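Going left to right, the sequence shown walks through residues 42 to 181 as our numbering numbers them.
Beta carbons are placed, not taken as given, at the ideal position from N, Cα and C, and that holds for glycine.
Owing to the predicted nature of the structure, the values given are computational and were not obtained by experimental measurement.
Report on one structure; see the data block that follows.
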Amino acid sequence: PKPTLSSKPIVSPSPLPPPRPGKVTDIRPAPKLVGPVEEIGGLRLEDFRRLQGGSAQERAQRIIEKIELLGKESLVRRSQGLEAWRNCPLNQLYGQILGAALQNRKPPQVILTQWAAAGKTSLTLDEFRAIMELNQKLRF
């Protein structure tokens, strides 16, 4: 049999209803379990500010304690912790601020103030100093 064209009109499926305004709050991602190396490697400024301890120096000390704890497991784990710290978003932010200070030949305090005034994510002077001391103590 030879195919014939139908005289019936082709009906396209009905369009999807428009999305509802607002956020979906019922669905939440499942919490992801992370170990100490992954925790250090994912450390952002917001996370640093949530660490236990009132001052930036106390919070930086918590990071040192985590890396020392890894060192008690093994030298390999300590090395992994140090590598995670080097590459974490918080330490990268510190490096960007330090790099901008060196490039512009201005003290870090000036860069911190400029970034904060411009609305860029920035450390406070105390946080900057605490991370600087943290990096000196970790000696890498």
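How close, in whole Å, do the beta carbons of Lys107 and Pro130 come, if the pair is a contact with beta carbons under 8 Å? Residue mapping note: residue 107 aligns to position 66 of the sequence shown, counting from 1. Residue mapping note: residue 130 aligns to position 89 of the sequence shown, counting from 1. At roughly 16 Å, the Cβ-Cβ gap does not stay under 8 Å, so Lys107 and Pro130 are not in contact.
In whole angstroms, give me the CA-to-CA distance for Gln151 and Gln144. Stepping through the sequence shown from its first residue, residue 151 is reached at position 110. Stepping through the sequence shown from its first residue, residue 144 is reached at position 103. The question names Gln, yet the displayed sequence has Val at residue 151. If I take the Cα positions, the gap works out to 13 Å.
Buried versus exposed, by CB contacts within 10 Å (16 or more), Glu99: Position 58 of the sequence shown, counted from the first residue, corresponds to residue 99. Exposed, by the Cβ-count rule.
Inter-residue CB distance, Ala142 and Pro148 (contact presumed, cutoff 8 Å): The residue labelled residue 142 in the question sits at position 101 within the sequence shown. The residue labelled residue 148 in the question sits at position 107 within the sequence shown. Going by Cβ atoms, the distance from Ala142 to Pro148 rounds to 6 Å, so yes, they are a contact pair.
Quick one: what's got a C-beta closer than 8 Å to Lys178's C-beta in the same chain, skipping five residues either side? Taking the first residue of the sequence shown as 1, we reach residue 178 at position 137. Same-chain partners within the cutoff: Ile105.
For Gly160, the three-state DSSP class (helix, strand or coil): Residue 160 sits at position 119 when you count from the first residue of the sequence shown. Three-state DSSP puts Gly160 in coil, outside helix and strand.
C-beta contact flag for Tyr135 and Ile172 at 8 Å: Position 94 of the sequence shown, counted from the first residue, corresponds to residue 135. Position 131 of the sequence shown, counted from the first residue, corresponds to residue 172. A contact, by the Cβ cut-off of 8 Å.
Secondary structure, alpha helix (DSSP H): runs of 4+ residues fully inside the region 73-107: 77-82, 86-91
Pop quiz: Leu92 and Arg103 are said to be a contact at Cβ under 8 Å. What is the actual Cβ separation, rounded to whole angstroms? Looking up residue 92 in the sequence shown gives position 51. Looking up residue 103 in the sequence shown gives position 62. Their Cβ separation, rounded to whole angstroms, is 5 Å, which keeps Leu92 and Arg103 in contact under 8 Å.
Between Tyr135 and the ligand FMN, is the CB less than 7 Å from at least one heavy atom? Summarising the ligand content, the structure contains no ligands, and the ligand FMN is consequently not present.
Within this structure, are the beta carbons of Leu164 and Leu153 separated by less than 8 Å? The sequence position of residue 164 within the sequence shown is 123, counting from 1. The sequence position of residue 153 within the sequence shown is 112, counting from 1. Result yes, Cβ atoms of Leu164 and Leu153 sit closer than 8 Å.
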